[in-house]
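Novice: Protein chains in written order, with our numbering: chain A, 3 to 259; chain B, 513 to 834.
Even for Gly, the Cβ is constructed at its ideal location relative to N, Cα and C.
From a predicted model like this one, the values you see are computed outputs, not experimental measurements.
Here it is: the structure, laid out below.
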Amino acid sequence: MPLNIIVLLKHIYDENQLKVNQATGEVSFQGVPGKLSTFDRNSLEEALRLKQKSGGSVTTLTIGPQESEKSIREGLAMGADRAILIKVPNVLQMSANEVARIIINQLESLQPWHLLIASEGGADTYTSVLPSIIAQKTGFPLLSYLKSLDILEDGTVRGDRALERGIVTVKAKLPAIVSVVSEINEPRIPTLLQIMASTKKELKTIVLEEQAREDKYFKILSLSGKSKERKRIIFEGSAQESVPKLVDSLLKEGALP
Amino acid sequence: MSSRTSVLSYSEDVDVSVELQSVATKLSESMNLSSIAVAINLPPEENNKLSKMVKDELISVTIRENTLVTPELAFQVLKRIVDEKKPRLIIIGSTRDGKEVAGMLASYLDCGVATDCSFIAFDSNGLVIQRAAFGGRVVATAELIGDSAVIAVRPHIYHPPEPRFTPLINKREYQDIPLKVHVENVTRKITSTADLTKAERIVSVGRGLKRKEDLELIQKLAEELSASIGCSRPLAADLGWLPEETHIGLTGVQVKPKLYVAVGISGQLQHIAGIKDSELVVAINIDKGAPIFQNCDYGIVGDLYQVVPELIKTLTQLKDKT
């Protein structure tokens, strides 16, 4: 059966390029480039594979500032059919409950959909509660942390949940919400042609009439990027040259048994 | 004046439940609240073990024998208990299941939620937590406002407490809880008893290792150093060459050994987040530009297949001399 799939995409600050003052630990976001949240590539890849098998459509849904368009275009280049951006300026200050509320409102207008795919967490906050909040508020079943996923003939979704203590195979009726771990697939890299074609695909931008509510329950008091200064003494050359130098240093440090 | 008078704790993993009692006891004492733990479908001996660590009340729920406690089921049970007890604070073990339960409870209660917390306290600011963000690059300190909150605490942060309590044991049976997600099969992993969080020395291996058989080489080095073995996420989660408990990093375990030797690990932020409290970090990697060299004390740029055998040889000779 053809599947209408919705994939949640998030545009985040590139965590590898955050500016941290080593002396004070102060973190600055100024001029830090944005990127598509790493794990979201896996959610989109899984949606595209399902669509290849069953037909249907893949719509990406993003809540964030205008700059999110960069990440959304990447999603379209990977193969999403269309994209929706719900513009809010302050997504980092919003609670997961609030983000869920906006997504749920949007789900109404995307009927009929069969599967909502989220990732294991945002590469920025990694709170990982959004899928469960959407599931609790809507009553749709949630299959979380899947490392494999199939749609069966009888209109159910089945998948293997990758948990700390083992694998649990679960099944539920569509429409359903799933979250996938990054091991589920290897995301495709779009070709230049696909990147160019993506600019012609539909990106619908929605500006909320009411201001999105800031989180009244969660207040960040401080962010610290302080990390231990390492010595960074690097030995090069052949193993016969470098290994004795390393062992010598470890002896002096008293680090050997 | 709030009528919320308890701290409620739950994890589907009894070992984590036990750890949670350390923090539940401390928080409930500092705020003059009672501490209530919830156990669902625990075997009697585990129930008994947990009970000795719970300060005030253990609600021991039985569903049906051999029913796996899924997050959906745990939420349905906890919802009933939360309606009745109206806790000031709910503490959940921040496992994957636990985070799902935490999200559902926070949604149900429309309250603040924080997952993967490494610190939690009531202080002059109120209820304060710490958690990593941005791939572990940043530690966020935050306050949870409101008259209730859900906090998921990272496993292995708190030590299990001494058994010293005789709480009220409240046994219950819940039946006919309607579920939408059905369990078809469960494959339990054999969990190793080695706890990397307490290891003094760790040899850790990453994608630089070409074949599973080559783990033997790493094993030998670990023996020479009397070290435990760890790995980066791909080796455990993608390739399955090593058990998940040995996966070190933001989404795995966070370690603090005296000596950490990273072999063939490039050193992405998420991995560094798991080793930042190590005293001394040594890196062996073929790529001079690998980020691990920015985050180590000593490093060797070279092919691990040449460096590691040489290192084993040198360490053996050293032992023979002494």
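Within 10 angstroms of the Cβ of Lys611/B, are there 16 or more other Cβ atoms? Answer buried if so, exposed if not.
Specialist: Burial call: buried.
Novice: Nearest to Leu621/B by alpha carbon, out of Asp628/B, Ile641/B and Arg600/B?
Specialist: Per the Cα distances, Arg600/B.
Novice: What residues of chain A sit near Lys701/B, judged by a beta carbon separation below 7 Å?
Specialist: In chain order: Arg167 and Gly168.
Novice: Can you pull the chain A residues whose beta carbon is under 8 Å from the beta carbon of His694/B, in chain order?
Specialist: Within chain A, the residues near His694/B are Val172, Lys173 and Ala174.
Novice: Residues of the segment 602-630 of chain B with a CB closer than 8 Å to any CB of chain A: list them in chain order, please.
Specialist: Flagged, chain order: Thr607, Arg608, Asp609, Lys611, Glu612, Val613, Ala614, Gly615, Met616, Ala618, Ser619, Tyr620, Asp622, Cys623, Gly624, Val625, Ala626, Thr627 and Asp628.
Novice: Among the candidates Asn553/B, Cys743/B, Glu696/B and Ile552/B, whose CA atom is the shortest distance from the CA of Val717/B?
Specialist: Per the Cα distances, Cys743/B.
Novice: Tell me which residue opens and which closes the beta strand (DSSP E) that Leu601/B is part of.
Specialist: Unbroken beta strand (DSSP E) run through Leu601/B: Leu601 to Gly605.
Novice: Between the segment 248-256 of chain A and the segment 587-603 of chain B, are three or more C-beta pairs nearer than 8 Å?
Specialist: Touching, no, given that fewer than three Cβ pairs across the two stretches are closer than 8 Å.
Novice: Pull up the DSSP beta-bridge partners for Glu204/A, would you.
Specialist: In DSSP, Glu204/A forms a bridge with Arg84/A.
Novice: Could you work out which residues of chain B lie near Leu210/A, taking near to mean beta carbons separated by less than 7 Å?
Specialist: In chain order: nothing, as chain B lies at least about 20 Å away.
Novice: Counting along the chain, where does the beta strand (DSSP E) carrying Val797/B start and finish?
Specialist: Contrary to the premise, residue 797/B reads as Asn rather than Val in this sequence. Residues Leu792 to Asn797.
Novice: Find the residues of chain A that neighbour Gly811/B, judging by a C-beta separation of less than 8 Å, and give them in chain order.
Specialist: Neighbours of Gly811/B on chain A, chain order: Arg234, Ile235, Ile236 and Phe237.
Novice: Would you mind listing the beta strand (DSSP E) stretches within the segment 660-685 of chain B that are 3+ residues and don't spill past its ends, in chain order?
Specialist: Segments of the beta strand (DSSP E) lying fully in the segment 660-685 of chain B: 661-665 and 680-685.
Novice: Nearest to Pro67/A by alpha carbon, out of Ile86/A, Val249/A and Ser130/A?
Specialist: Taking only the C-alpha atoms, the option nearest Pro67/A is Ile86/A.
Novice: Between which two residues does the alpha helix (DSSP H) harbouring Leu10/A extend?
Specialist: No alpha helix (DSSP H) holds Leu10/A; the beta strand (DSSP E) holding it covers Leu5 to Leu10.
Novice: Since I believe Ile105/A is in contact with Ile136/A (beta carbons under 8 Å), could you give me their beta-carbon distance rounded to a whole number of angstroms?
Specialist: That pair is a contact at about 6 Å.
Novice: Quick one: measure Cβ to Cβ for Asn44/A and Pro189/A, integer angstroms, because I've assumed they're closer than 8 Å.
Specialist: Their Cβ separation, rounded to whole angstroms, is 6 Å, which keeps Asn44/A and Pro189/A in contact under 8 Å.
Novice: Given a limit of 7 Å on CB to CB distance, which residues of the segment 734-745 of chain B reach chain A?
Specialist: Those residues of the segment 734-745 of chain B that come within reach of chain A (Cβ to Cβ, closer than 7 Å) are Leu737 and Ser738.
Novice: DSSP on Arg43/A, reduced to helix/strand/coil?
Specialist: The answer is helix: DSSP assigns Arg43/A an H, G or I state.
Novice: Between Ala551/B, Phe631/B, Asp809/B and Gly786/B, which has its C-alpha nearest Ile796/B's C-alpha?
Specialist: Residue Asp809/B is the option with its Cα nearest to Ile796/B.
Novice: For Arg643/B, which beta-bridge partners are listed by DSSP?
Specialist: Per DSSP, Cys629/B and Ala652/B.
Novice: If the criterion is Cβ atoms closer than 9 Å, does the pair Ala125/A and Phe41/A meet it?
Specialist: Yes. Within cutoff.
Novice: Run the CB neighbour count on Ser130/A, radius 10 Å, all protein chains shown included, and call it buried at 16 or more, exposed below.
Specialist: By the 10 Å Cβ count, Ser130/A comes out buried.
Novice: Kindly indicate if chain A contains any beta-carbon less than 9 Å away from that of Val640/B.
Specialist: Yes, Val640/B lies at the interface with chain A (some Cβ there is under 9 Å from its Cβ).
Novice: How many angstroms separate the CA atom of Pro683/B from the CA atom of Lys788/B?
Specialist: Here residue 683/B turns out to be Lys, not Pro, going by the sequence shown. If I take the Cα positions, the gap works out to 43 Å.
Novice: Return helix, strand or coil for Val249/A, following the three-state DSSP convention.
Specialist: If DSSP states are grouped into helix, strand and coil, Val249/A belongs with the helices.
Novice: Among the candidates Glu696/B, Ile714/B, Pro555/B and Val820/B, whose CA atom is the shortest distance from the CA of Ala241/A?
Specialist: Closest by alpha carbon: Val820/B.
Novice: Where do the N-terminal and C-terminal ends of the beta strand (DSSP E) with Asn18/A fall, by residue?
Specialist: Here Asn18/A belongs to no beta strand (DSSP E), and DSSP marks it neither H nor E.
Novice: When you compare the CB positions of Pro769/B and Glu712/B, do they come within less than 9 Å of one another, or not?
Specialist: Yes, Cβ-Cβ distance for Pro769/B and Glu712/B is below 9 Å.
Novice: Taking DSSP as the reference, what is the three-state secondary structure of Val581/B?
Specialist: Val581/B falls in the coil class under three-state DSSP.
Novice: What's the gap between the Cα of Ile264/A and the Cα of Arg84/A?
Specialist: Residue 264/A lies beyond the range of chain A shown here (3 to 259); nothing can be said about it.
Novice: Quick check on DSSP: helix, strand or coil for Val813/B?
Specialist: It is a strand residue.
Novice: Should Gln679/B be labelled buried (16 or more other beta-carbon atoms within 10 Å of its own) or exposed?
Specialist: In the sequence under discussion, the amino acid at residue 679/B is Pro, which differs from the Gln named in the question. It is buried - the Cβ of Pro679/B has at least 16 other Cβ atoms within 10 Å.
Novice: Looking at chain B, is there any beta carbon in it that lies within less than 9 Å of the beta carbon of Val131/A?
Specialist: Yes - at least one Cβ of chain B is within 9 Å of the one on Val131/A.
Novice: If you reduce the DSSP assignment to three classes, tell me which class Asp789/B lands in.
Specialist: DSSP places Asp789/B in coil when its eight states are reduced to three.
Novice: Roughly how many whole angstroms lie between the Cα atoms of Arg592/B and Leu617/B?
Specialist: Approximately 11 Å, taken between the alpha carbons.
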